[in-house]
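Colleague:
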Amino acid sequence: MNDKNNSDNLVISRAVLSDVACTSCASIIERHFTKEDGITISINFATKKAQFSYDPKRWNENKIKKAMHSLGYDICQFEIETNDQEQDDGNDSVKNHEANSKDAIVDHRSHSHHRSHDHNSEHHQVHMSEQHHHQHNIKLRDLIELIIGWILLLPLLLIMIPNTPFFDMLRNPYGQLALAIPIQFYFGRKFYGGIYRELVKQKWPGMHTLVALGTTTAFIFSIYLMIINKTEHLYFEVSASIIMIVLLGDFISALAQKKATNGLESLMSLKPKSILKYDYHTNTEIFINIEDVQCNDILVVRKGENVPTDGQLISEAAFINEAMLTGELQVISKKINDAVIGGTNNVGDSFRMKATKIGKDTILANIIKAVEDAQSQKPKLQKLADKISGWFTPTVILIAILVFVIRFLAVGNDVQESLEIAIATLIIACPCALGIATPLAVAVGINKAAKIGIIYNKASAFEKITKIDTICFDKTGTLTTGNLAITKIYGQDKHINKAIAIEKYSTHPLALAFTLYAKTNDVGKPLIVTDVKEQIGFGIKGKYQHENLHISSLENLQKAKMPFSPFLKTFDFETVTASQKVLALAINQVITNIFILEDQLQANALITIEKIKKQGIEVVLISGDNEGQTLAVANRVAIETYFANVTPQGKSQIVADLQAKGKKVTFVGDGINDVIALEQSDLAIVMGTGSDIAKKIGDITIIENDISIVYKAIVLTKKTKNNIWLNFMWAFGYNIIIIPLAAAGFIIPPLAAIAMALSDITVVGNSLIFKWKKYKY
58 MNDKNNSDNL VISRAVLSDV ACTSCASIIE RHFTKEDGIT ISINFATKKA QFSYDPKRWN
118 ENKIKKAMHS LGYDICQFEI ETNDQEQDDG NDSVKNHEAN SKDAIVDHRS HSHHRSHDHN
178 SEHHQVHMSE QHHHQHNIKL RDLIELIIGW ILLLPLLLIM IPNTPFFDML RNPYGQLALA
238 IPIQFYFGRK FYGGIYRELV KQKWPGMHTL VALGTTTAFI FSIYLMIINK TEHLYFEVSA
298 SIIMIVLLGD FISALAQKKA TNGLESLMSL KPKSILKYDY HTNTEIFINI EDVQCNDILV
358 VRKGENVPTD GQLISEAAFI NEAMLTGELQ VISKKINDAV IGGTNNVGDS FRMKATKIGK
418 DTILANIIKA VEDAQSQKPK LQKLADKISG WFTPTVILIA ILVFVIRFLA VGNDVQESLE
478 IAIATLIIAC PCALGIATPL AVAVGINKAA KIGIIYNKAS AFEKITKIDT ICFDKTGTLT
538 TGNLAITKIY GQDKHINKAI AIEKYSTHPL ALAFTLYAKT NDVGKPLIVT DVKEQIGFGI
598 KGKYQHENLH ISSLENLQKA KMPFSPFLKT FDFETVTASQ KVLALAINQV ITNIFILEDQ
658 LQANALITIE KIKKQGIEVV LISGDNEGQT LAVANRVAIE TYFANVTPQG KSQIVADLQA
718 KGKKVTFVGD GINDVIALEQ SDLAIVMGTG SDIAKKIGDI TIIENDISIV YKAIVLTKKT
778 KNNIWLNFMW AFGYNIIIIP LAAAGFIIPP LAAIAMALSD ITVVGNSLIF KWKKYKY
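Take the sequence shown: its letters are residues 58 to 834, numbered as in our numbering.
#1: Using a Cβ-Cβ cutoff of less than 8 Å, which residues in the same chain neighbour K258 once the five nearest sequence positions on both sides are dropped?
#2: Looking at C-beta atoms only, is the number of pairs between the stretch 507-515 and the stretch 785-793 that lie closer than 8 Å three or more?
#3: Tell me which residue opens and which closes the beta strand (DSSP E) that V589 is part of.
#4: With a 10 Å radius around its C-beta and 16 neighbouring C-beta atoms as the bar for buried, classify Y697 as buried or exposed.
#5: Got a sec, what are the start and stop residues for the beta strand (DSSP E) E835 sits in?
#6: Which stretch, first to last residue, makes up the beta strand (DSSP E) that contains L389?
#7: Going by alpha carbons, who is nearest to L541 out of L658, C529, Q706 and H603?
#8: With Q672 and V712 assumed to form a contact (beta carbons below 8 Å), what rounded beta-carbon distance in angstroms separates them?
#9: Please name the residue in N229, S84, K334 and I300 whose C-alpha comes closest to that of I280.
#10: Leaving out the 5 sequence neighbours to the left and right, which residues in its chain are closer than 7 Å to K287 when beta-carbon positions are compared?
#11: Nearest CA to the CA of L644: which residue from F628, Y231 and L606?
#12: Just to confirm before moving on: does the CB-CB distance between I302 and P329 stay below 8 Å?
#13: Report the option in I393, K718 and P496 whose CA atom is closest to the CA atom of K576.
#14: Go to H607, then tell me how far its beta strand (DSSP E) extends in each direction, as first and last residue.
#15: Excluding five sequence neighbours on each side, which residues of the same chain lie with their C-beta closer than 8 Å to the C-beta of I96?
#16: Since I781 and F519 are thought to touch, with beta carbons under 8 Å apart, how far apart are those beta carbons, to the nearest angstrom?
#17: What residues match up with C599 in a beta bridge as DSSP calls it?
#18: Tell me, please, which residues DSSP counts as bridged to S407.
#19: Taking 8 Å as the cut-off, decide whether the C-beta atoms of S765 and I733 are in contact.
#20: Which two residues bound the contiguous beta strand (DSSP E) that contains G539?
#21: Taking its Cβ as the centre, do 16 or more other Cβ atoms sit within 10 Å of E684, making it buried, or is it exposed?
#22: To which residues of the same chain is K583 closer than 7 Å at the C-beta, ignoring the five residues directly before and after it?
#23: In three-state terms, what does DSSP make of M786?
#24: Just reading off the alpha helix (DSSP H) that Y574 is part of, what are its end residues?
#25: Buried or exposed, going by whether 16 or more other CB atoms sit within 10 Å of the CB of R246?
#26: So, for T366: in the same chain, excluding its five sequence neighbours on each side, which residues have a beta-carbon less than 7 Å away from its beta-carbon?
#27: Quick one: what does DSSP say S110 is sitting in, helix, strand or coil?
#28: If we count the other Cβ atoms within 10 Å of its Cβ and call it buried at 16 or more, is I92 buried or exposed?
#29: What are the start and end residues of each continuous beta strand (DSSP E) run of 3 or more residues lying completely inside the stretch 484-522, in chain order?
#30: Skipping 5 residues on each side, what residues in its chain have a beta carbon closer than 8 Å to that of H53?
#31: Any heavy atom of the ligand NAD within a distance shorter than 7 Å of the CB on T544?
#32: For I826, which three-state DSSP category applies?
#33: In angstroms, rounded to a whole number, what distance separates the CA positions of I528 and A107?
#34: Would you call the CB atoms of E560 and I522 closer than 8 Å?
#35: Could you compute how far the alpha carbon of R198 sits from the alpha carbon of I240?
#36: Candidates G368, L213, L459 and P212: which alpha carbon is nearest D354's?
Okay, here's the thing in structure tokens:
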């Protein structure tokens, strides 16, 4: 096993498994592949999905399928992905192709299609449709069999009612046998198939072994009683009722699990199947399949439709609901050249957009991949549950044998009573509840978070969150937007449009503030400026009609001894703070307007910091900006402890110093200059965009640059952690308490089957309640 991960070119693939009916199955599969070189596997029993990571020189899809088949399982869906290095290379290739030609993009997509199946491939969509149809047919068959089975079981249950001569005709032993045979060997066939797979192929007992042993023992013992002509009390109703109750419980549990874990499917459904494409050559609009969309295609998104892929708005305006990213039903106004995100919904009039990213490079595809990756990881609690589940069945079988022996030999019970208690002990044990408790809660939490723009890159975040007592924020791009905006203008309004007109030609970052101001304010008709020249450090100059325009810092213009216009008498230098930038417009060597620019706080920064403090968490601000700017932001958001002029290495050192004092530290940054600090922290939260998700810099990625979602992430992660523990404690506590009760003879076998089914349903139901519950953040 030393060379298991020696390869630098591991292939990652996901598979949907069939017939994995209990956690023992999952443990057996994982144990088998653990013994193999060049491959690792992680199975999420709640979603019935496995993630393989393997050396392509030793393993391939066919070899993995054969290995699974030898264990008695089939892979009904297999998706191959590349490793992270290949993905990065692929992304670079896409960028290079975009820069060259559309034909090159087609070639790239054709090549990568042979290399991997992603969620956007036509093959995958067809396969998913076929798989859903197949699963629907199986569910329909199971439902029909359940109904027929319970109809056959009903007479066997009626004869248990004492002093009812009306049912004497049903007490005929051969009639009972005739009713029990189809239930035992047809409707209960999955347990016999399971016991063959578990004992013959896998050499390890599982959940099917428990049910098959218990029901077959009761069935055979009933036939023995018929042979010796002791038919007063047969056990056909016991074996039949156990099978039907377990099948009913499995059916209800499967439906509930599907509802609890369908968040990923809802994300996948955000992308439309077809879209209108505008054809420049024919000046027409034609419908194309979403898989045929190429970079730089012009697409028409009609009212009510979801945006098909990431792109750039080329219409004048659009109104989009981005609830898919933020969870907030808030309509966002978009203007020409703004970015639009695939999966968001057009609530306004039709608009045109240019596709800029397709397939696995889109934000939605990155979200789906991140969710799947997180679901495939196992928290420590789940690993513990898996170990317990792996030894659970053989332990329960041993306990049942000991119960029979002790009851019959030591206590003095007869064979029938001793056997009944042993059967109840077998049937009441429920490793499945223990196995699904943690992964189901994790899956619900991950899907719930994804809907409000929170992506878990590591499942360990659920364990770390409860220990956090300090949170460190980067300033720029985290507490602030990172974009300077014009907050105050002095001078005559009639000159503002001139400043906006000349700043359109500037490449300086400060010029963006004028563009933003123009978008959000009515500034009149655009003006045409000529003879524009920009000089770094001295500003930008140009001509409008007979006027010479010059924009620079107020300090530069004053050094040039330019006088103030009479309309600037209200300007007071003392009102300018260290966090503000001051630009000025001079017309014909006279300063006519002064512009105050400031890095804007995130809209919910102050209230979010207050909420975090109420959670008992200390808040610290760490910034590379100067003392004045950092202090100004700290005061505005009520943060008492702050550090200014800090290098990236210095941020990491501050985190380390806090940890040395016994603090458990979360660092929140934008993932660019904060990588070292994020890695040093106990819990790393990255404020990013869709492209950041794939990088997995931190434990948690916040998709939208909204600090309020950081607080939501803290709350929801804690809620998920609590749900994980609640599920685990119920499942573990159930088995610890109920097995001794059955062994003591307090529970008859049919009630044991009901209790076993209810334990599964309770765990799933608790997860469903968590999924449906709305939290006020």
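All C-beta atoms, glycine included, are put in the ideal place defined by N, C-alpha and C.
Modeller: In this structure, then:
#1: S127, L128 and G129
#2: no
#3: T587 to Q592
#4: In the sequence as presented, Tyr is not what sits at residue 697; that position holds Glu. Exposed, by the Cβ-count rule.
#5: Past the edges of the chain, shown from 58 to 834, lies residue 835, and the structure says nothing about it.
#6: This sequence places Ile at residue 389; Leu is not what is there. That run of the beta strand (DSSP E) goes V388 to K392.
#7: L658
#8: Wrong, their Cβ atoms sit about 19 Å apart, outside the cutoff.
#9: N229
#10: none
#11: The question names Leu, yet the displayed sequence has Ile at residue 644. When each option's Cα is compared against that of I644, the closest is L606.
#12: no
#13: I393
#14: E604 to S610
#15: K61, F90, F109, S110, Y111, D112, R115, W116 and I121
#16: 6 Å
#17: The sequence shown places Gly at residue 599, rather than the Cys named in the question. DSSP lists L606 as partners of G599.
#18: BP columns for S407 are empty, so no partner.
#19: no
#20: T537 to G548
#21: exposed
#22: It should be pointed out that residue 583 corresponds to Pro in this sequence rather than to Lys. Contacts found: A558.
#23: helix
#24: A568 to T577
#25: exposed
#26: V350, G399, A412, K414, I415 and T419
#27: strand
#28: In the sequence on display, residue 92 carries Lys and not Ile. Counting Cβ neighbours within 10 Å, K92 comes out exposed, since fewer than 16 surround it.
#29: 511-513
#30: The first residue shown for the chain is 58 and the last is 834, placing residue 53 beyond what the model contains.
#31: Annotation note on the ligand NAD: not contained in the displayed structure, which lists no ligands.
#32: helix
#33: 35 Å
#34: no
#35: 15 Å
#36: G368
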